[in-house]
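Engineer:
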Amino acid sequence: MTKPEHRDIGFTLNGEEIRFSGTGTERLLDVLRYRLGLPGTKEGCGEGECGACTVHLDGVPVNSCLILVGQVRNRRVDTVESVAPEALVELHTSGATQCGACTPGVVMTARFVIDHPGLLERASVRQLMAGNLCRCTGYDGIIEGIAEALRQEETSP
Amino acid sequence: MTMLFPSDLEEACEMLAASDGKAVPLAGGTDLLVHWPQRFEDHGRTFLDLSQLAELRAIRWSDSALILGGGVTYWQTLGDRAVCDAFPLLEKAGRQVGAVQIQARGTWAGNIVNASPAADGVPVLMAYDAVVELVSTQGEEEIPLSEFYLGYKQMRRRPNQLVRAVRLPRRRHDVEVFEKIGPRRAQAITKLGFAATHSAAGWRVVANSMAPTVCRCRTLEGMLEHGSPIRRPEDLMPAIRQDVSPIDDIRSTAQYRQKVFSRTLFHALFSDEK
Amino acid sequence: MKRREGLAKLMGREAYVDDLTVADCLWGATVRSSCARGRIREVRFGEGFDWGEFVVVDHRDLPGENVIALIETDQPVLAAEAVRHVHEAVVLLAHADRDLLRRAVEAVEVVVEEEPPIFDFRQPPEPAQIQHGNDNVFKELKIEKGDVDKALAKAPVVVEGVFTTGAQEHVYLETQGMLAWVEDGVVTVKGSMQCPYYVQKALKLALGREDHEVRVVQAPTGGGFGGKEEFPSGIALHAALLALKAGKPVKLIYERGEDMVATTKRHPSWIRHRTAVDTKGRLLAQDIEVVLDAGAYATLSSVVLSRAVIHAAGPYHCENVRIRGRAVLTNAVPFGAFRGFGAPQSLFACERQMDRIASELTLDPVRIRRRNLIRDGEETATGQVITDGTDRLKVLDRALELSSFQHKRRAYLDFNDTHPYLRRGVGLATFLHGAGFTGSGEVYLASEVHVAGLADGKVEVRTANTEMGQGTQTVFTQLVTDRLGLKAEDVVIAEPDTARVPDSGPTVASRTTMVVGGLIEKACDDLRRRLGLGNEERGEVLTAALALWHRQHPGEELLGTAHYEPPDGIHWDDANYRGEAYGAFAWATYVAAVEVDLRTYTARVLDFVAVQEIGKVLHEVLARGQIQGGVVQGIGWALLEDFRFKDGAMANGQLTNYIIPTSDDVPPIRVAFLENPYAHGAQGAKGIGELPMDGPAPAIVNAVAAATGADPCTIPLTPERMMSVLEAREVAR
Ligand SMILES: Cc1cc2nc3c(=O)[nH]c(=O)nc-3n(C[C@H](O)[C@H](O)[C@H](O)COP(=O)(O)OP(=O)(O)OC[C@H]3O[C@@H](n4cnc5c(N)ncnc54)[C@H](O)[C@@H]3O)c2cc1C
Ligand code: FES
Ligand code: FES
Numbered sequence: 794m795t796k797p798e799h800r801d802i803g804f805t806l807n808g809e810e811i812r813f814s815g816t817g818t819e820r821l822l823d824v825l826r827y828r829l830g831l832p833g834t835k836e837g838c839g840e841g842e843c844g845a846c847t848v849h850l851d852g853v854p855v856n857s858c859l860i861l862v863g864q865v866r867n868r869r870v871d872t873v874e875s876v877a878p879e880a881l882v883e884l885h886t887s888g889a890t891q892c893g894a895c896t897p898g899v900v901m902t903a904r905f906v907i908d909h910p911g912l913l914e915r916a917s918v919r920q921l922m923a924g925n926l927c928r929c930t931g932y933d934g935i936i937e938g939i940a941e942a943l944r945q946e947e948t949s950p
Numbered sequence: 004m005t006m007l008f009p010s011d012l013e014e015a016c017e018m019l020a021a022s023d024g025k026a027v028p029l030a031g032g033t034d035l036l037v038h039w040p041q042r043f044e045d046h047g048r049t050f051l052d053l054s055q056l057a058e059l060r061a062i063r064w065s066d067s068a069l070i071l072g073g074g075v076t077y078w079q080t081l082g083d084r085a086v087c088d089a090f091p092l093l094e095k096a097g098r099q100v101g102a103v104q105i106q107a108r109g110t111w112a113g114n115i116v117n118a119s120p121a122a123d124g125v126p127v128l129m130a131y132d133a134v135v136e137l138v139s140t141q142g143e144e145e146i147p148l149s150e151f152y153l154g155y156k157q158m159r160r161r162p163n164q165l166v167r168a169v170r171l172p173r174r175r176h177d178v179e180v181f182e183k184i185g186p187r188r189a190q191a192i193t194k195l196g197f198a199a200t201h202s203a204a205g206w207r208v209v210a211n212s213m214a215p216t217v218c219r220c221r222t223l224e225g226m227l228e229h230g231s232p233i234r235r236p237e238d239l240m241p242a243i244r245q246d247v248s249p250i251d252d253i254r255s256t257a258q259y260r261q262k263v264f265s266r267t268l269f270h271a272l273f274s275d276e277k
Numbered sequence: 015m016k017r018r019e020g021l022a023k024l025m026g027r028e029a030y031v032d033d034l035t036v037a038d039c040l041w042g043a044t045v046r047s048s049c050a051r052g053r054i055r056e057v058r059f060g061e062g063f064d065w066g067e068f069v070v071v072d073h074r075d076l077p078g079e080n081v082i083a084l085i086e087t088d089q090p091v092l093a094a095e096a097v098r099h100v101h102e103a104v105v106l107l108a109h110a111d112r113d114l115l116r117r118a119v120e121a122v123e124v125v126v127e128e129e130p131p132i133f134d135f136r137q138p139p140e141p142a143q144i145q146h147g148n149d150n151v152f153k154e155l156k157i158e159k160g161d162v163d164k165a166l167a168k169a170p171v172v173v174e175g176v177f178t179t180g181a182q183e184h185v186y187l188e189t190q191g192m193l194a195w196v197e198d199g200v201v202t203v204k205g206s207m208q209c210p211y212y213v214q215k216a217l218k219l220a221l222g223r224e225d226h227e228v229r230v231v232q233a234p235t236g237g238g239f240g241g242k243e244e245f246p247s248g249i250a251l252h253a254a255l256l257a258l259k260a261g262k263p264v265k266l267i268y269e270r271g272e273d274m275v276a277t278t279k280r281h282p283s284w285i286r287h288r289t290a291v292d293t294k295g296r297l298l299a300q301d302i303e304v305v306l307d308a309g310a311y312a313t314l315s316s317v318v319l320s321r322a323v324i325h326a327a328g329p330y331h332c333e334n335v336r337i338r339g340r341a342v343l344t345n346a347v348p349f350g351a352f353r354g355f356g357a358p359q360s361l362f363a364c365e366r367q368m369d370r371i372a373s374e375l376t377l378d379p380v381r382i383r384r385r386n387l388i389r390d391g392e393e394t395a396t397g398q399v400i401t402d403g404t405d406r407l408k409v410l411d412r413a414l415e416l417s418s419f420q421h422k423r424r425a426y427l428d429f430n431d432t433h434p435y436l437r438r439g440v441g442l443a444t445f446l447h448g449a450g451f452t453g454s455g456e457v458y459l460a461s462e463v464h465v466a467g468l469a470d471g472k473v474e475v476r477t478a479n480t481e482m483g484q485g486t487q488t489v490f491t492q493l494v495t496d497r498l499g500l501k502a503e504d505v506v507i508a509e510p511d512t513a514r515v516p517d518s519g520p521t522v523a524s525r526t527t528m529v530v531g532g533l534i535e536k537a538c539d540d541l542r543r544r545l546g547l548g549n550e551e552r553g554e555v556l557t558a559a560l561a562l563w564h565r566q567h568p569g570e571e572l573l574g575t576a577h578y579e580p581p582d583g584i585h586w587d588d589a590n591y592r593g594e595a596y597g598a599f600a601w602a603t604y605v606a607a608v609e610v611d612l613r614t615y616t617a618r619v620l621d622f623v624a625v626q627e628i629g630k631v632l633h634e635v636l637a638r639g640q641i642q643g644g645v646v647q648g649i650g651w652a653l654l655e656d657f658r659f660k661d662g663a664m665a666n667g668q669l670t671n672y673i674i675p676t677s678d679d680v681p682p683i684r685v686a687f688l689e690n691p692y693a694h695g696a697q698g699a700k701g702i703g704e705l706p707m708d709g710p711a712p713a714i715v716n717a718v719a720a721a722t723g724a725d726p727c728t729i730p731l732t733p734e735r736m737m738s739v740l741e742a743r744e745v746a747r
């Protein structure tokens with residue numbers, strides 16, 4: 794094995810510039826959880842199926858278990874820790890979380906859908922949320938929370 | 004284990020050449036990075052990150068073709084109305100690849116080079132007569148996608164070549180069909196599927212998960228070309244047996260694949276109910 | 015009130031075991047058998063590793079008995095001489111570098127001299143395959159009432175059927191995990207679990223320690239569904255053994271693949287019905303045989319079998335009933351607790367059989383249920399007289415009305431006549447679910463609950479019952495605020511920590527709200543009594559009294575306590591399986607509308623209605639969420655979750671190949687409740703957690719039968735299976 798080469802990796806994390814040294818070949822998920830002290834992002838599978846590890850990369854939901862941290866250099870990463878409580882009221886009320894293990898990922902995709910209602914012209918909320926497996930809620934609590942948040946966005950000036 | 008960060012395509016080709024073709028191009032990582040912690044044999048490799056090369060991310064049009072850069076993601080095409088209107092199967096297949104998170108990272112070129120027989124992007128590209136544009140320090144090469152695969156996970160791309168773009172000729176199609184049959188409605192690996200088009204260039208029927216590679220079904224195309232009378236799905240069986248050779252695996256059975264292929268094909272292309 | 019810990023979960027602030035950071039902590043990992051059965055000859059440590067750097071634990075490191083304490087004592091903590099299933103734990107490793115550790119696990123080889131395994135639980139074993147008693151049967155049970163043979167012989171119509179159900183993986187989104195450390199001589203384990211006191215009991219026996227030397231704390235738990243009932247005891251022991259040997263904290267977190275292949279599953283079943291009916295569809299005799307695949311160790315199979323046989327005759331009245339059940343050893347990964355605990359299997363068979371009888375007699379499936387549904391004053395199979403006053407016909411009617419059952423049926427006939435390849439159908443299931451432990455279970459548990467009055471005017475609820483998503487914290491809070499007139503922020507729910515909370519029993523069997531909740535109410539009253547207050551004193555009066563008491567008793571603790579006492583009139587004969595099996599039953603009717611695609615043999619649920627009578631709905635959002643989540647697990651079990659075995663182990667142990675429903679695979683689950691308060695449940699509540707697992711599979715498969723005219727009796731009804739079932743129908747024609 795060749796000796797891993799360490800280098801400076803910089804990216805914007807939740808609005809702050811982050812710099813750290815590494816090979817770039819650790820998963821973004823592990824870097825967030827075990828190196829940068831942001832355990833909000835969860836690992837449910839490590840195979841891209843469950844979406845528990847969803848973060849936003851330049852504003853779009855991606856699975857952080859399928860990204861090496863070197864791939865996000867100079868880009869913008871936002872995690873569940875960046876979401877304000879006010880943005881979660883509808884999901885809280887509707888019963889979108891039970892055990893909570895899928896929840897941070899659900900929140901990241903849900904917020905993406907809520908912030909981009911135009912997507913719903915070509916796909917349903919259920920299709921857009923299909924990359925986030927939840928074993929507790931049966932999805933209704935999640936779908937209703939998103940629908941309610943979309944209604945709120947629509948009526949608010 | 005190392006990562007290489009080229010700043011443009013030229014440098015990427017040089018890095019790849021310098022590694023003697025041993026560096027692994029890494030685009031969206033949605034194939035390469037699955038179960039990453041357990042992929043011990045890959046941890047020693049060198050990865051060439053393509054995900055940030057602007058040249059590869061471009062979607063361009065020429066008079067005669069749509070040119071998808073070798074790093075274009077499904078999500079990019081889904082958000083491009085002109086692409087979706089001109090090549091509706093790209094939208095149809097793109098929406099059925101994984102879910103949003105996978106669509107946002109996964110690339111058409113990655114789908115091609117990963118060479119899975121179950122790939123969903125490849126059949127629609129092949130049904131549109133896509134041409135793969137390869138590039139290396141030694142020059143450029145173009146290979147029609149329908150001639151790209153040689154056998155299971157075998158292809159005509161050499162290790163030092165990168166997919167620079169995938170080119171789709173602009174044609175008027177009067178039939179465009181894509182069917183994906185998976186174990187569930189979203190986020191599912193295809194058990195069997197096909198894409199079919201008809202244009203002045205003739206019929207194209209492309210099957211996935213039905214053979215060691217995604218492949219064109221020439222006998223079926225011929226039957227459509229000649230307007231052979233087909234009254235029941237069963238009538239397609241002889242042609243299907245000539246064109247494809249499905250297997251039993253963890254996801255389905257050969258029998259199911261063959262039977263459902265005949266039925267979905269029949270209802271999509273041969274029956275008069277539509 | 016909104017879910018108490020909801021915002022923390024939504025913000026990613028809830029700290030699950032893998033989120034905890036501990037200084038100088040090692041990672042733990044498990045080396046497993048790759049052979050289904052045999053004698054361990056050797057453990058080889060491969061080249062290329064400095065094994066001296068690793069903490070290595072095997073069975074010789076156990077200070078106590080090499081047994082995971084449960085009902086039986088057959089399962090070792092670490093296999094010593096023999097293995098009984100693939101993926102059985104043999105050796106443990108720990109190291110600070112997780113990547114290195116992962117490779118090291120691969121480099122350890124457990125050399126096993128193979129012995130003949132048995133994988134088919136329906137086949138009688140060859141002598142060389144016998145590993146338990148003289149027939150591999152872990153448990154046999156029989157329920158008998160009336161004269162079944164006579165009734166079968168005389169009956170005008172006898173309908174027979176055989177039903178099989180597959181294994182099911184829990185897929186809680188948080189995998190199993192434990193953190194263990196030793197502090198002042200106390201072995202402490204914190205992790206994902208349903209039952210801290212089960213874990214403590216297991217630690218005591220295998221580590222040879224006393225109560226005060228072992229402390230177990232539940233970390234927020236990312237789903238359980240039964241999968242974290244008994245299994246965590248083993249992982250806790252593994253983590254503790256490594257921590258003891260390392261002299262450092264050890265975190266043992268399963269990766270998804272490992273979790274899927276190595277942990278318990280729902281028991282596969284084979285069930286046969288022979289049902290005697292008159293021509294109007296009245297049940298004359300039910301002769302039922304239930305066989306469960308128990309896997310390699312006994313785990314909880316005897317109790318799962320118990321619930322399976324008690325529910326096997328369904329919510330019907332019948333004079334003559336015989337139910338025989340057995341749970342049989344195979345060399346598969348042990349099957350264990352999973353939501354519903356045997357009832358979903360036997361209710362699938364029962365409700366499928368009811369539709370088959372109706373079809374045989376060309377009766378309406380609704381009519382046949384109406385005719386046979388148990389009425390007050392009638393007896394269940396165990397001779398329990400039902401007197402709860404629930405209007406079970408009303409439950410049925412409400413479901414029919416909400417689902418537009420009759421309308422859909424008519425409309426679908428037209429649809430099916432005209433559509434080239436889609437077929438629609440509606441199906442229903444009527445069922446019951448016994449709430450709480452079976453028979454005298456609660457008496458043996460002897461649960462205890464404390465409600466502490468704190469000096470700052472707050473009260474703290476101390477129980478061992480865990481939050482794993484079902485809403486324990488919220489419901490407990492609500493029970494206290496209602497009882498004592500306090501605000502939610504004045505109610506503290508203690509972390510389930512065996513050093514601080516009494517043993518209020520396991521968080522299983524839908525007992526937490528009903529039984530433990532009831533004890534909390536009593537403990538609240540006891541607290542008031544100790545303050546010299548009457549049961550009508552609430553709110554500020556109480557807060558003031560608390561402050562006064564603490565001024566008068568500085569440094570002392572004020573505890574309201576409650577102990578379980580069985581309600582009157584509950585008599586259970588465990589030897590003969592007669593009497594009051596449960597203090598109460600919840601009653602339900604579920605209706606599914608499905609669409610079968612004859613091109614692809616795929617069934618899709620178009621609409622689902624779940625109506626249940628559950629005593630009292632304590633919290634609408636939580637209760638609905640429990641039902642919806644359970645129904646979707648049921649849809650998965652019925653149609654998608656095809657558990658594949660190879661040598662008794664899971665062959666499709668990845669989420670990409672073991673298919674659970676996504677949001678796009680299920681319709682909105684429409685839920686309605688009827689209430690008929692249960693005198694002995696908290697505020698009248700009966701349990702609801704398991705109920706929703708029972709109804710979906712039979713309702714869906716009945717709908718498929720209605721849509722296609724086929725007779726599917728095996729789940730999961732995957733497209734491949736549907737293809738053979740529909741082909742069988744074509745041949746039959
Ligand atoms: C949860 C999940 C769901 C999925 N669902 C589907 C699905 O429904 N349908 C489907 O078809 N696929 C699916 N996939 C597979 C995958 O997403 C697709 O194959 C995707 O197109 C791969 O693209 P990528 O950019 O992520 O490839 P990568 O993983 O980055 O690379 C794949 C291969 O292509 C090579 N490569 C990539 N780009 C280039 C280039 N420009 N030049 C030369 N070589 C290159 C890489 O070296 C590698 O060999 C799924 C994957 C996951 C994890
Ligand atoms: S952990 Fe990344 S998708 Fe499951
Ligand atoms: S809330 Fe438990 S998995 Fe979604």
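Chains as they are written, first to last, in this note's numbering: chain A, 794 to 950; chain B, 4 to 277; chain C, 15 to 747.
For every residue, glycine included, the Cβ atom is placed at its ideal position computed from N, Cα and C.
Bear in mind the structure is a predicted one, so any value in this text is a computation, not a measurement.
Where residue 789 of chain C and residue 228 of chain B are concerned, what is the direct C-alpha to C-alpha distance, given to the nearest angstrom?
Structural biologist: What is shown of chain C runs 15 to 747, which leaves residue 789 of chain C out entirely.
Engineer: Quick check: the Cα distance between residue 301 of chain C and residue 187 of chain B, rounded to an integer number of angstroms?
Structural biologist: For residue 301 of chain C and residue 187 of chain B, the distance between alpha carbons rounds to 37 Å.
Engineer: Please classify residue 510 of chain C as buried or exposed, where buried requires at least 16 other C-beta atoms within 10 Å of its C-beta.
Structural biologist: Burial call: buried.
Engineer: Count the other CB atoms, across all protein chains shown, that sit within 10 Å of the CB of residue 864 of chain A; report buried if there are 16 or more and exposed otherwise.
Structural biologist: Flag for residue 864 of chain A reads buried.
Engineer: Specify the secondary structure class of residue 417 of chain C as computed by DSSP and reduced to three states.
Structural biologist: Note: residue 417 of chain C maps to helix in three-state DSSP.
Engineer: Quick one, which of C:267, C:508, C:484 and C:564 has its alpha-carbon nearest residue 192 of chain C's?
Structural biologist: Of C:267, C:508, C:484 and C:564, the residue nearest in Cα terms is C:267.
Engineer: Which value, in whole angstroms, describes the spacing of the CA atoms of residue 318 of chain C and residue 148 of chain B?
Structural biologist: Between residue 318 of chain C and residue 148 of chain B, the C-alpha separation is close to 56 Å.
Engineer: Do residue 17 of chain C and residue 485 of chain C have their CB atoms nearer than 9 Å?
Structural biologist: Going by C-beta atoms, residue 17 of chain C is nearer than 9 Å to residue 485 of chain C.
Engineer: Could you pull out every unbroken alpha helix (DSSP H) segment of at least 4 residues lying fully inside the segment 266–349 of chain C, listed in chain order?
Structural biologist: With a minimum length of 4 residues, the continuous alpha helix (DSSP H) runs that stay inside the segment 266–349 of chain C are 270–276 and 315–325.
Engineer: Can you check which of these residues, C:609, C:295, C:524 and C:493, is closest to residue 172 of chain C by C-alpha distance?
Structural biologist: Nearest of C:609, C:295, C:524 and C:493 to residue 172 of chain C, Cα basis: C:295.
Engineer: Run through chain A and tell me which residues come within less than 8 Å of residue 62 of chain B, C-beta to C-beta.
Structural biologist: Chain A residues near residue 62 of chain B: none, gap ~16 Å exceeds 8 Å.
Engineer: Cα-Cα, which of C:195, C:385, C:481 and C:351 is closest to residue 234 of chain C?
Structural biologist: Closest by alpha carbon: C:481.
Engineer: Can you name the residues of chain C whose CB is closer than 7 Å to the CB of residue 879 of chain A?
Structural biologist: By Cβ distance, chain C contributes nothing, its closest Cβ being about 11 Å from residue 879 of chain A, past 7 Å.
Engineer: Alpha carbon to alpha carbon, what distance is there between residue 916 of chain A and residue 370 of chain C?
Structural biologist: One C-alpha to the other measures close to 40 Å.
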